[in-house]
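Written out below as structure tokens is the structure these notes cover.
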Amino acid sequence: MLTSRTNWKFNPNQLSTTLTQLKASGTPVLDLTESNPTHCQFEYLNAHQLLSPLTDSQNLCYEPDPKGKLEARKIVQNYYREKEIEVDLQNIFLTASTSEAYSFLFKLLVNPNERALIPQPSYPLFHFLADLNDVELVPYSLRHNGEAWQIDLKHLVAQCDSKTKAMILVHPNNPTGSFVKKDELKALVQVAKERSLALISDEVFSDYSFQEDEKRVGSLAGNASEVLTFTLSGISKILGLPQMKLAWIVADGPEPILKPLLERLELISDTYLSVNTPVQNALSSWFQLKNEIQKEIKTRVRNNYSFLEKQLEKNTLANLLPLEGGWYATMKIPNTKSEEEWTLEFLEQAHVYVHPGYFFDFAEEAYVVLSLLPPEKTFQEGVERILKRL
Ligand SMILES: Cc1ncc(COP(=O)(O)O)c(C=O)c1O
416 MLTSRTNWKF NPNQLSTTLT QLKASGTPVL DLTESNPTHC QFEYLNAHQL LSPLTDSQNL
476 CYEPDPKGKL EARKIVQNYY REKEIEVDLQ NIFLTASTSE AYSFLFKLLV NPNERALIPQ
536 PSYPLFHFLA DLNDVELVPY SLRHNGEAWQ IDLKHLVAQC DSKTKAMILV HPNNPTGSFV
596 KKDELKALVQ VAKERSLALI SDEVFSDYSF QEDEKRVGSL AGNASEVLTF TLSGISKILG
656 LPQMKLAWIV ADGPEPILKP LLERLELISD TYLSVNTPVQ NALSSWFQLK NEIQKEIKTR
716 VRNNYSFLEK QLEKNTLANL LPLEGGWYAT MKIPNTKSEE EWTLEFLEQA HVYVHPGYFF
776 DFAEEAYVVL SLLPPEKTFQ EGVERILKRL
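Positions in the sequence shown are counted from 1; adding 415 to them yields this note's numbering.
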């Protein structure tokens with residue numbers, strides 16, 4: 416009776432069962448997987464500052480626009496202008512989340528059982544988004560050489576076939592924190608052109624870079640190059656406000672293909688009209704807080720990362736993988752035990768919860784991924800406890 420596209424396994428793994436049991440018994444667990452900023456005691460989460468724009472009387476009026484309210488799209492346009500990127504207002508589509516943006520693009524670009532390329536390792540939600548849209552995901556490898564992560568171009572090309580319709584770039588990637596480089600993009604655009612693939616650039620973490628890098632690509636938005644390009648971002652990361660549910664797609668590409676595509680995307684958006692009015696009206700007030708919010712998040716992320724670096728200088732059993740940006744750190748630990756065994760041991764013996772690398776489809780073991788968002792005290796205590804177990 417139920418569809419095959421939702422025929423998922425719901426059995427919890429041992430890690431999540433143990434976590435539930437510990438919580439039920441009242442045992443405090445230091446959660447170093449926490450990537451919800453609203454759980455991480457940030458000062459910017461100030462009720463007056465963030466909630467007063469929602470009381471605007473304009474919110475009583477419903478004037479839906481399938482692309483999103485013009486004033487809200489102008490804020491998005493301005494976000495790119497500050498990066499010296501010019502984006503046409505007509506090419507901006509607001510969505511309730513980046514996940515919804517992916518769904519719209521899968522519906523627009525990929526027929527049932529056609530394929531989209533995704534980086535590996537990367538973000539686990541992709542699999543559900545793809546299943547729900549009958550899209551098959553094909554991974555291409557990211558490899559690190561100790562100093563940097565690189566896209567394995569040969570592997571990416573070998574993974575393409577006649578059913579491949581889109582190539583997803585996560586810029587910077589979650590959890591590797593690696594940005595796409597200019598020479599990589601040049602090669603990827605060439606592949607996309609030859610095979611008529613659309614590029615989807617997920618840039619939700621792009622403002623969270625550790626340092627400038629000449630070799631790095633900026634945003635793909637406004638890149639009216641030879642291939643269709645969709646740039647995704649949103650306020651869940653840019654403003655650390657995932658609960659407010661607002662994201663966007665910027666569509667770019669050669670004019671003759673772009674026009675009919677914009678019409679179709681508009682109809683997809685019009686079918687749902689999922690972005691609520693109060694959030695669109697509050698966007699300009701919230702964007703005024705952007706620098707302050709990002710400064711606080713960046714300081715937390717850097718402090719936690721520096722602490723981890725210092726601890727690992729003293730501990731030769733674990734290595735920190737290169738990190739250019741984002742909210743996560745990846746640690747390579749001895750493969751004397753599996754990731755499952757290590758993470759269970761950290762949870763059961765040290766009461767610290769971290770993600771095993773397999774959660775992000777790392778090609779080999781043993782890695783663990785730590786969120787850099789938790790308050791410094793929690794993070795430091797958690798790191799000290801797990802390093803003692805190595
Ligand atoms: C790379 C990446 N893209 C998109 C998202 C989802 O963003 P949104 O909250 O806008 O759906 C996440 C969430 O963690 C993410 O890591």
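Idealized CB from N, CA, C, for every residue including glycine. All values reported here derive from a predicted model rather than from experimental measurement.
When rounded, the separation of the alpha-carbon atoms in residue 695 and residue 728 is 46 Å. Excluding five sequence positions before and after residue 617, the CB atoms of its chain that fall closer than 6 Å to its own CB belong to 585, 647, given in chain order.
In this structure, the alpha-carbon of residue 573 lies about 11 Å from that of residue 556. Within 6 Å of the C-beta of residue 514 there is at least one heavy atom belonging to ligand 1. A residue is called buried once 16 or more other Cβ atoms fall within 10 Å of its Cβ, and residue 672, having fewer, is exposed. Proximity of the beta carbon of residue 657 to ligand 1 is indicated: a heavy atom of the ligand is located closer than 6 Å. The continuous stretches of beta strand (DSSP E) do not include residue 538, and DSSP gives it neither H nor E. Between the segment 707-724 and the segment 505-516, the count of C-beta pairs closer than 8 Å stays below three; the two stretches do not touch. Relative to residue 494, the option among 654, 796, 670, 753 whose CA is nearest is 654. Scanning the segment 577-654 for uninterrupted alpha helix (DSSP H) segments of 4 residues or longer gives 597-610, 650-653, listed from N- to C-terminal end. In the DSSP assignment, residue 786 falls within the beta strand (DSSP E) that extends over 782-786.
Sorting 628, 661, 528 by C-alpha distance to the C-alpha of residue 740 places 628 at the top. Note: residue 734 is bridge-paired with 747 in the DSSP secondary-structure output.
With 16 or more other CB atoms across the displayed protein chains lying within 10 angstroms of its CB, residue 452 is buried. Restricting attention to beta strand (DSSP E) runs no shorter than 3 residues, the segment 465-545 encloses them at 507-510, 530-535, ordered along the chain.
Boundaries of the alpha helix (DSSP H) around residue 693: 692-702. In this structure, residue 590 places its C-beta atom within 7 Å of the C-beta atom of residue 743. The residues 589, in chain order, have a CB closer than 6 Å to that of residue 538 in the same chain once the five nearest residues on each side in sequence are set aside. Residue pairing from DSSP leaves residue 441 without any beta-bridge partner. Not one heavy atom of ligand 1 is found less than 6 Å from the C-beta of residue 741. DSSP places residue 798 in the uninterrupted alpha helix (DSSP H) bounded by 791-803. A distance below 8 Å between beta-carbons, with the five flanking residues on each side excluded, links residue 649 to the following residues of its chain, in chain order: 510, 512, 513, 516, 619, 661, 662, 663. Per DSSP, reduced to three states, the secondary structure at residue 671 is helical.
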